[in-house]
Each structure stands twice: as structure tokens, then as C-alpha cells.
Amino acid sequence: MKLLYQTHSPYARKVLVAAHEIGLAERLEVIHHETSPLLRNETVFALNPLGKVPVLIVDEAFVLFDSGVIVDYLDGLHEGPRLIPAQAPRRWRALRLQAIALGIADAGIEVRWESERRPAELRWPALRDGHLRKIAAACDFLERAFAAEEADAAHAPDIGEIAVATALSWIEFREVYAFRSDRPRLAAWYDRFAERPSMRATTLSGATQDG
Ligand SMILES: N[C@@H](CCC(=O)N[C@@H](CS)C(=O)NCC(=O)O)C(=O)O
Numbered sequence: 171m172k173l174l175y176q177t178h179s180p181y182a183r184k185v186l187v188a189a190h191e192i193g194l195a196e197r198l199e200v201i202h203h204e205t206s207p208l209l210r211n212e213t214v215f216a217l218n219p220l221g222k223v224p225v226l227i228v229d230e231a232f233v234l235f236d237s238g239v240i241v242d243y244l245d246g247l248h249e250g251p252r253l254i255p256a257q258a259p260r261r262w263r264a265l266r267l268q269a270i271a272l273g274i275a276d277a278g279i280e281v282r283w284e285s286e287r288r289p290a291e292l293r294w295p296a297l298r299d300g301h302l303r304k305i306a307a308a309c310d311f312l313e314r315a316f317a318a319e320e321a322d323a324a325h326a327p328d329i330g331e332i333a334v335a336t337a338l339s340w341i342e343f344r345e346v347y348a349f350r351s352d353r354p355r356l357a358a359w360y361d362r363f364a365e366r367p368s369m370r371a372t373t374l375s376g377a378t379q380d381g
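Residue 255 in this note's numbering sits at position 85 of the sequence shown, and the numbers go up by one each step.
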């Protein structure tokens with residue numbers, strides 16, 4: 171299988187970390203692609219009309235996109251603990267964490283448009299601040315959630331945790347938001363997670379290319 175990837179994408183990294191965690195990384199040929207609404211990537215557009223990575227090419231006739239869909243597919247190819255647990259309450263905890271992580275990454279991208287990617291005269295600081303408030307509230311939510319769960323932390327990582335770790339790693343990498351401030355449990359949780367071989371094998375790198 172081929173994974174159209176980007177070395178500085180939180181969504182693509184979520185898929186690759188997940189593949190490492192379930193022992194499928196070696197079955198993926200990882201191919202870096204630059205994407206941006208300002209830089210049309212024909213290869214990516216030919217496979218995903220949204221022009222975004224990650225994209226998984228299973229074979230010529232079967233292509234998947236959106237990180238959540240790809241992870242769901244990969245999760246059906248192994249015999250270990252599910253990344254997307256089947257049973258409540260762990261299923262809903264994982265999917266809700268994944269949704270929060272997606273929101274952090276989406277808002278972080280908006281922050282970057284309003285602070286550095288748009289031409290300076292087109293930036294709107296109030297919109298940037300609105301997205302930063304969402305990220306702050308999401309990180310506060312995670313701090314409270316992880317504090318409440320501390321005694322029950324021993325399970326194989328699920329997609330919610332992988333998504334949170336890869337989103338936090340990206341907002342730190344891009345210096346979008348200092349999530350550690352006043353959030354000791356979230357910071358400690360993230361630092362532990364970042365030591366996993368799956369995270370160490372997939373570090374973020376590279377600059378955004380908008381043209
Ligand atoms: N919801 C999608 C988001 C994917 C996404 O936004 N990917 C970015 C890379 S970080 C992209 O390719 N952006 C290009 C564009 O917006 O045109 C997912 O989870 O896969």
C-alpha cells in the first residue's frame with residue numbers, strides 16, 4: 171500500500187503513528203507530497219478531490235482519504251487491540267478524543283493562515299484569536315480529562331490518544347500555541363507518549379509551501 175504523506179502534517183502523522191502501533195508500517199510505502207490550497211498538487215488531486223493528504227492507495231481501484239477513514243481501514247487489517255475500540259465506553263472516549271484533536275489541528279492551521287500564511291494586509295487578528303481560544307479550551311478539556319483518568323491509564327494506545335499526541339506535537343512544532351502552560355497533566359501525558367517508538371519514528375519536519 172502507498173501512503174501519500176507529508177512530513178509536517180498532523181493528520182498524516184496520525185495515520186503513520188497508528189500504522190506503527192499496529193505493526194503495519196512496513197506494509198506502507200510512504201511518499202511525501204506538498205499540498206496547499208495555493209499550490210495544486212496534481213497527483214494528490216487525481217486521487218482526492220479535496221487535494222489533501224493523507225491518501226492511502228490500497229490498489230488502483232481502491233483509494234481512501236481522510237486520516238480517520240484510513241485509520242479505520244488499517245484497523246481491520248491486524249489482530250491486536252483495536253485502535254478504534256469496539257465497546258463503550260472506550261470507543262466513545264477514543265472517538266471523542268480524536269474529534270478534539272482534529273479540531274485542534276484544524277484551528278491551528280487557521281491560526282497559521284491568520285498569522286503568517288496570508289499576505290500581511292489580509293490577516294484578521296480577531297479571527298486568529300478566535301481559533302486560538304478554541305485550541306486553549308480544547309487543551310483545558312484534555313487537562314481535565316487526563317487528570318480524571320490518571321489511575322486508569324494502562325491500555326494499548328487508541329486512535330484518540332494517537333490523534334491528541336500528533337495534534338499537540340504539531341502545534342508545538344509550529345509554535346502555534348503553548349499547550350504546556352498551566353497544564354501539567356497534559357504536558358506529562360504528552361511527554362510520555364512522545365517517547366513511544368511510533369512517535370520517535372515519525373518526527374515532524376519541513377516548511378509549509380504555499381507557492
Ligand atoms: N480532515 C483531513 C485533513 C487533511 C488535511 O487538511 N491535510 C493537509 C495537510 S496538513 C492538506 O493536505 N492540506 C492541503 C489543502 O488544504 O489544500 C484528514 O484528517 O485527513
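Even for Gly, the Cβ is constructed at its ideal location relative to N, Cα and C.
- prompt: What's the C-alpha gap between residue 315 and residue 234?
  reply: Here residue 315 refers to the residue found at position 145 when the sequence shown is read from its first residue. Here residue 234 refers to the residue found at position 64 when the sequence shown is read from its first residue. Distance between the alpha carbons of residue 315 and residue 234 is about 32 angstroms.
field: Nearest-angstrom Cβ-Cβ length linking residue 203 and residue 223, presumed shorter than 8 angstroms
entry: Counted from its first residue, the sequence shown places residue 203 at position 33. Counted from its first residue, the sequence shown places residue 223 at position 53. About 5 angstroms; that satisfies the 8 angstroms criterion.
message: Quick check on residue 181: does DSSP put it in helix, strand or coil?
response: Within the sequence shown, the letter at position 11 stands for residue 181. Per DSSP, reduced to three states, the secondary structure at residue 181 is helical.
message: Looking at ligand 1, does it come within less than 8 angstroms of residue 236, judged from the CB to the closest heavy atom?
response: Taking the first residue of the sequence shown as 1, we reach residue 236 at position 66. Yes; taking the cut-off as 8 angstroms, the Cβ of residue 236 has a heavy atom of ligand 1 nearer than that.
message: So, under 8 angstroms CB-CB, residue 376 and residue 178 are touching, yes? Tell me the CB distance rounded to an integer number of Å.
response: Counted from its first residue, the sequence shown places residue 376 at position 206. Counted from its first residue, the sequence shown places residue 178 at position 8. That belief holds up - the Cβ atoms of residue 376 and residue 178 are roughly 4 angstroms apart, short of 8 angstroms.
task: Have a look at the DSSP bridge pairing and note the partners of residue 347.
output: On the sequence shown, residue 347 is found 177 positions in, with the first residue counted as 1. For residue 347, which the question treats as bridged, DSSP gives no partner whatsoever.
For residue 249, the three-state DSSP class (helix, strand or coil): On the sequence shown, residue 249 is found 79 positions in, with the first residue counted as 1. Three-state result, residue 249: coil.
query: Whose C-alpha, out of 244, 219, 207, is nearest the C-alpha of residue 196?
result: Residue numbering aside, residue 196 sits at position 26 when the sequence shown is read from its first letter. Taking each of 244, 219, 207 in turn and checking the Cα distance to residue 196, the smallest one comes out for 244.
task: Figure out for me which residue from 278, 260, 285 has the closest Cα to the Cα of residue 309.
output: Your numbering for residue 309 matches position 139 in the sequence shown. Measuring from the Cα of residue 309, the nearest candidate turns out to be 278.
query: Around the C-beta of residue 336, are 16 or more other C-beta atoms found within 10 angstroms, so that it is buried, or is it exposed?
result: Along the sequence shown, one-based indexing puts residue 336 at 166. It counts as buried.
- prompt: Is residue 277 near ligand 1, in the sense that its beta carbon is under 8 angstroms from a heavy atom of that ligand?
  reply: If you number the sequence shown from 1, residue 277 lands on position 107. No.
field: Touching by the beta-carbon criterion (3+ pairs, under 8 angstroms), the region 275-289 and the region 327-341
entry: Yes, the region 275-289 touches the region 327-341.
message: Can you find the residues in the same chain that come closer than 7 angstroms, C-beta to C-beta, to residue 302, ignoring five residues on each side of it along the sequence?
response: Looking up residue 302 in the sequence shown gives position 132. Around residue 302: 281, 347.
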